[in-house]
Amino acid sequence: MNLKQLSHMLSLSQTTVSRALNGYPEVNEETRRRVMDAAKRHGYRPNPSARRLATGKSGMIGYVLPTGAAVDIDPHFVEFLSGLGDYARSHELDLVLSPADADDQETTYRRIVANRQVDAVYI
9 MNLKQLSHML SLSQTTVSRA LNGYPEVNEE TRRRVMDAAK RHGYRPNPSA
59 RRLATGKSGM IGYVLPTGAA VDIDPHFVEF LSGLGDYARS HELDLVLSPA
109 DADDQETTYR RIVANRQVDA VYI
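Counting the sequence shown from 1 gives a position; my numbering is that position plus 8.
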């Protein structure tokens, strides 16, 4: 079910439904409850592409993963990645790993930021 279908089903404008789902204070509490209940009952999930377009945010944190024969992975690296993943998840973000030659990580960082693939990078 998409936003248009949900708004049609509830006989509300798409703007009202969107604002109710996103917690805008000007939406009447009864309307918000009605929208939230219907969204849950009918399995409404926001379209991630539409959300990215509307907010200008990707919902992702980037980390450039050095690769190559000369790369020596620290034994605590898995713990580090796990912690980074926990942080991302707790903020409803996704963690994106981008492999890069160990000698040229900066180029990859610049590319993923310039292409707006991520909202932030961990350096």
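All residues carry an ideal CB built from backbone N, CA and C; glycine is no exception.
{"query": "Test item: CB-CB of R40 and A28 under 7 Å", "result": "yes"}
{"query": "For A110 and L11, the rounded distance between their alpha carbons", "result": "44 Å"}
{"query": "Within the segment 80-131, ranges of the alpha helix (DSSP H) (whole runs, at least 4 residues)", "result": "85-98 and 113-122"}
{"query": "Own chain partners of V126 with C-beta closer than 8 Å, once the 5 adjacent residues on each side are dropped", "result": "S66, M68, I69, G70, V104 and I120"}
{"query": "Segment limits, beta strand (DSSP E) that includes P54", "result": "That residue, P54, is in no beta strand (DSSP E); it is neither H nor E in DSSP."}
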